[in-house]
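Sequence order for the protein chains is D and R.
Under the numbering used here, the letters of the first sequence match residues 549 to 661, in that order.
Under the numbering used here, the letters of the second sequence match residues 118 to 230, in that order.
Cβ atoms here follow ideal geometry from the backbone N, Cα and C, with glycine treated the same way.
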Amino acid sequence: EDQVTQSPEALRLQEGESSSLNCSYTVSGLRGLFWYRQDPGKGPEFLFTLYSAGEEKEKERLKATLTKKESFLHITAPKPEDSATYLCAVHTAGGTSYGKLTFGQGTILTVHP
Amino acid sequence: DTGVSQDPRHKITKRGQNVTFRCDPISEHNRLYWYRQTLGQGPEFLTYFQNEAQLEKSRLLSDRFSAERPKGSFSTLEIQRTEQGDSAMYLCASSLSLGSEQYFGPGTRLTVT
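#1: For His639 of chain D, count the other beta carbons within 10 Å of its own beta carbon; 16 or more makes it buried, fewer makes it exposed. Which is it?
#2: By the 8 Å beta-carbon criterion, what residues does the segment 588-603 of chain D contribute toward chain R?
#3: Could you pull out every unbroken beta strand (DSSP E) segment of at least 3 residues lying fully inside the segment 180-205 of chain R, listed in chain order?
#4: Terminal residues of the continuous beta strand (DSSP E) containing Gln554 of chain D?
#5: Spell out whether any CB of chain D is found under 9 Å from the CB atom of Ala210 of chain R.
#6: Relative to chain B, which residues along the segment 177-189 of chain R have a C-beta separation below 7 Å, given in chain order?
#7: Nearest to Asn168 of chain R by CA position, among R:Gly222, R:Leu215, R:Phe138, is which residue?
#8: Contact criterion: CB-CB distance below 9 Å. Does Arg560 of chain D meet it with respect to chain R?
#9: Consider the Cβ of Tyr663 of chain D: report whether some Cβ of chain R lies at a distance smaller than 9 Å.
#10: Should Ile698 of chain D go down as buried or exposed, given a rule of 16 or more other Cβ atoms within 10 Å for buried?
#11: If you pair each beta-carbon of the segment 204-221 of chain R with each one of the segment 147-155 of chain R, do three or more pairs fall below 8 Å?
#12: Looking at the secondary structure, which residues open and close the beta strand (DSSP E) in which Ser619 of chain D lies?
#13: Determine the direct distance from the alpha carbon of Gln123 of chain R to that of Ser192 of chain R, and round the result to whole angstroms.
#14: According to the neighbour-count rule (16 or more other Cβ atoms, all chains shown, within 10 Å of its Cβ), is Ala637 of chain D buried or exposed?
#15: What residues of chain D sit near Tyr220 of chain R, judged by a beta carbon separation below 8 Å?
#16: Taking the DSSP output, what are the residues bridged to Gly133 of chain R?
#17: Should the segment 139-147 of chain R be called in touch with the segment 156-163 of chain R, which here means at least 3 C-beta pairs below 8 Å?
#18: In the structure shown, what three-state DSSP assignment does Glu606 of chain D receive?
#19: Buried or exposed: which applies to Tyr599 of chain D, given that a residue is buried once 16 or more other Cβ atoms fall within 10 Å of its Cβ?
#20: 9 Å is my cut-off, CB to CB: does Glu145 of chain R come that close to chain D?
#21: I want to see whether chain D comes within less than 9 Å of Val121 of chain R, judged by CB atoms only; does it?
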């Protein structure tokens, strides 16, 4: 069974203090790894897709990287508006899966001014 | 394009009642997904449609749950004889192709009293 684990569960940063969130996965045949941002009471907002080891994507203060076993979401000089829950999800090639995403439990990021 | 929409945004019902939620995907997306999310967890896959065909259902989807997507456009998710354990956020997502990023709606928050 596909498993996705995110760490830490919660992260508190001061504004401008860079850090990284981790997403480790155990899957049969990774087809894609997705990062989402979710604000309280709202649906997840798509950030990045990574398809192969070594791939990197950037958007403003966020940079996502992928290895064969894990992905990192690097946050450079975060601002209070970056506070949210960050979700990692995988799409795999196993069995009869037609494209469902398997999510981790998320990392709650709080950035203090 | 206004994105994925869901209705209602909030639903409070008494145990044993039936409820129905609606999802309107992004217009050119022929793939539609339903997920359920409880507090502190990532979304869990429920079911998947490609056009009007329901191609995949999770073991989480008991016989009290039914989903439809008539004419391959909007979708409905019905829960019969609701139980307190059904209280959750129900999320709908759509995508353009298999394995591409899924875009989520704002969700329907169900509370069963």
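In short, the structure shows the following:
#1: buried
#2: Along the segment 588-603 of chain D, going in chain order, the ones with a CB nearer than 8 Å to a CB of chain R are Gly589, Lys590, Gly591, Pro592, Glu593, Phe594, Thr597.
#3: 182-185, 192-196
#4: 551-555
#5: Yes, Ala210 of chain R lies at the interface with chain D (some Cβ there is under 9 Å from its Cβ).
#6: In the structure shown, chain B cannot be found, because the protein chains are D and R.
#7: R:Leu215
#8: no
#9: For residue 663 of chain D there is no data in the structure shown, the boundaries of chain D being 549 and 661.
#10: Missing from the structure shown is residue 698 of chain D; chain D here goes from 549 to 661 and no further.
#11: yes
#12: 618-623
#13: 10 Å
#14: buried
#15: The answer, in chain order, is Phe594.
#16: Gly133 of chain R is not bridged to any residue.
#17: Taking 8 Å as the limit for Cβ pairs, the verdict is that the segment 156-163 of chain R does not touch the segment 139-147 of chain R.
#18: Here Glu606 of chain D sits in strand by DSSP.
#19: exposed
#20: Closer than 9 Å to the CB of Glu145 of chain R there is not a single CB belonging to chain D.
#21: yes
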